[in-house]
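Numbering of the sequence shown is given in the numbering used here, commencing with residue 14 and proceeding in unit increments.
We put the CB at the ideal spot given by N, CA and C, even for glycine.
First comes the structure, then the notes that go with it.
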Amino acid sequence: MGKTEDFRNAVSLVIKHLSFNQKTRVQVFEATIRVLGGLLSAHIIITDPTESFGHLRPPGYDDELLNHAHNLANRMLNALYDTPTGIPYPRFHLDSGLKDNTTTENCLAGAGSLLLEFGSLSALLNDSSYASIARRIVLNLWKKRSSVSGLFGSTIDVDSGEWINRMSGLGAGQDSFFEYLHKAYILFGDNQLGQMFNEALTSIQYHLRTGRPQCLSGSGSPPIYWNVDMSSGNKVNHWIDTLQSAWSGVLVLHGDLNEAICHHAVHYFIWKIYGLPPERYNIMTEKPELYFYPLRPEFAESTYLLYRATKHPFYLHVGKDIMDGINKYTKVECGFATIHNVIDKSKEDRMESFFLSETLKYLYLLFDESNPVNVNEYDYVFSTQAHLFPIKRIQKLVKNLHMNPFSFLNNSQGYELVKNSSCPNIKLTTSQYPMNDDLWKATGIYVHSKFASFPQYKL
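Below, the structure written as structure tokens:
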């Protein structure tokens with residue numbers, strides 16, 4: 014945004030006031046993606062020798078944010094590796110760093126979405142131990158896949174290694190595990206993690222996906238990714254949640270652009286029903302199952318990535334729809350409020366930090382073509398909390414690690430990997446929608462019968 018002085022002042026306040034000596038229990042996952050990732054990303058941007066975002070270094074800056082990140086990571090270590098299965102406990106005591114094993118149930122995403130942050134910390138400290146721990150967790154979870162389907166469950170018992178919730182899906186509690194498999198492949202050039210993502214993708218497409226085989230052609234229902242039993246692959250319910258909309262963005266990064274377009278369209282129609290998306294929507298009953306909307310970013314993220322990949326103006330209209338809904342229904346005197354019920358638009362006195370970190374960031378970048386992030390888009394990976402990690406710089410540091418934990422590609426060219434696998438050159442329809450009008454209308458009707466007559470955009 015060009016507000017370099019505001020940024021420097023904010024960093025100075027963090028340096029002056031941040032302390033982790035608080036007697037409270039903290040979630041490993043949230044502390045990692047929100048706090049650790051934010052500290053690391055800010056440090057990386059501050060110390061960028063090219064100053065792509067302007068001169069952001071506060072006077073006298075001496076790696077304080079990196080030191081805070083190091084301190085926080087050390088406090089988490091007992092919860093990460095001192096477990097019977099090598100799968101982390103969900104919480105730890107912030108002041109003492111002791112693990113909190115009063116709760117042994119952890120979700121797939123919470124346990125397995127630590128690698129971007131811990132891997133980058135290792136790169137910046139020249140200490141491979143943090144990356145090794147986070148990578149080992151991923152491998153331990155990988156061993157817990159169903160031997161029949163190759164799918165994962167939703168929650169697992171850290172002590173026994175047995176799945177507690179055996180529902181396999183792409184939404185809450187599972188989404189960022191798959192996201193981080195692929196993004197760690199890109200950021201660190203880790204060939205093994207890339208192969209693991211491709212195997213997981215094959216199982217997901219075979220067991221979770223229904224609908225026409227070719228997304229942008231043929232007939233039949235649009236592609237839907239259901240929640241299924243991890244062993245049998247049988248459908249367990251008919252709802253999809255709003256966190257699943259992040260899958261479109263993962264597909265874009267993997268180069269599956271057609272599939273991303275269709276998956277995004279389903280979630281767009283859910284958004285259009287209420288002007289904001291419910292947390293869970295039942296496709297069969299055409300009604301929400303969970304009515305709240307906590308200002309989530311996943312749909313905005315996928316919209317941004319699809320626009321970067323296609324440059325189709327439709328996605329700018331989607332971005333405007335998102336902003337209009339947020340401004341109309343959630344704006345209050347001191348910020349933006351969580352929506353308690355998307356039908357009556359009642360509010361809660363709460364605004365999550367991811368609204369600022371992710372939702373608004375992706376919407377801003379969608380419309381700011383000249384932003385350094387967009388100008389240098391092949392050099393950045395976004396964490397699941399939308400913190401920036403530069404590929405070339407991190408890979409250069411990672412390659413110098415003693416006892417490097419990452420399994421490199423043969424050509425060690427993660428930077429080229431992004432350009433080759435993301436945003437392929439495909440010929441999109443000249444329609445005002447990113448698919449032909451008949452398929453577009455059929456998608457809307459499948460989501461809700463009200464879209465039998467859907468208003469047209471003028472592009």
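About 16 angstroms separates the beta carbon of A350 from that of I335, a gap too long to meet the 8 angstroms contact definition. In this structure V41 touches F105 by the C-beta definition: roughly 6 angstroms separates them, less than 8 angstroms. One thing to note: L200 has its Cβ no nearer than 9 angstroms to the Cβ of L270.
Straight through space, the alpha carbons of M416 and K285 are spaced by roughly 51 angstroms. DSSP places P290 outside any alpha helix (DSSP H), giving it a letter other than H or E. Looking only at W155, G166, W260, D362, the smallest Cα-Cα distance to S181 is reached by G166.
Judged by beta-carbon spacing, G132 lies within the 9 angstroms limit of V411, meaning their Cβ atoms are closer than that value. When secondary structure is reduced to three states using DSSP, P403 falls in the strand class. D61 is a Cβ neighbour of P403, given a cutoff of 9 angstroms.
P301 sits in a strand when the DSSP states are folded into three classes. Counting only the Cα atoms, S160 lies some 42 angstroms from K36. The alpha-carbon separation between S232 and N119 amounts to approximately 40 angstroms. Judged by DSSP in its simplified three-state form, G202 adopts coil rather than helix or strand. Under the three-state reduction of DSSP output, G348 falls in the strand class. Closest in C-alpha terms to E43, from the list Y306, R222, Y102, V27, comes Y102. Classified as exposed, S366 has fewer than 16 neighbouring CB atoms from the shown chains inside 10 Å of its CB.
With 16 or more other CB atoms across the displayed protein chains lying within 10 angstroms of its CB, E77 is buried.
Per DSSP, reduced to three states, the secondary structure at R222 is strand.
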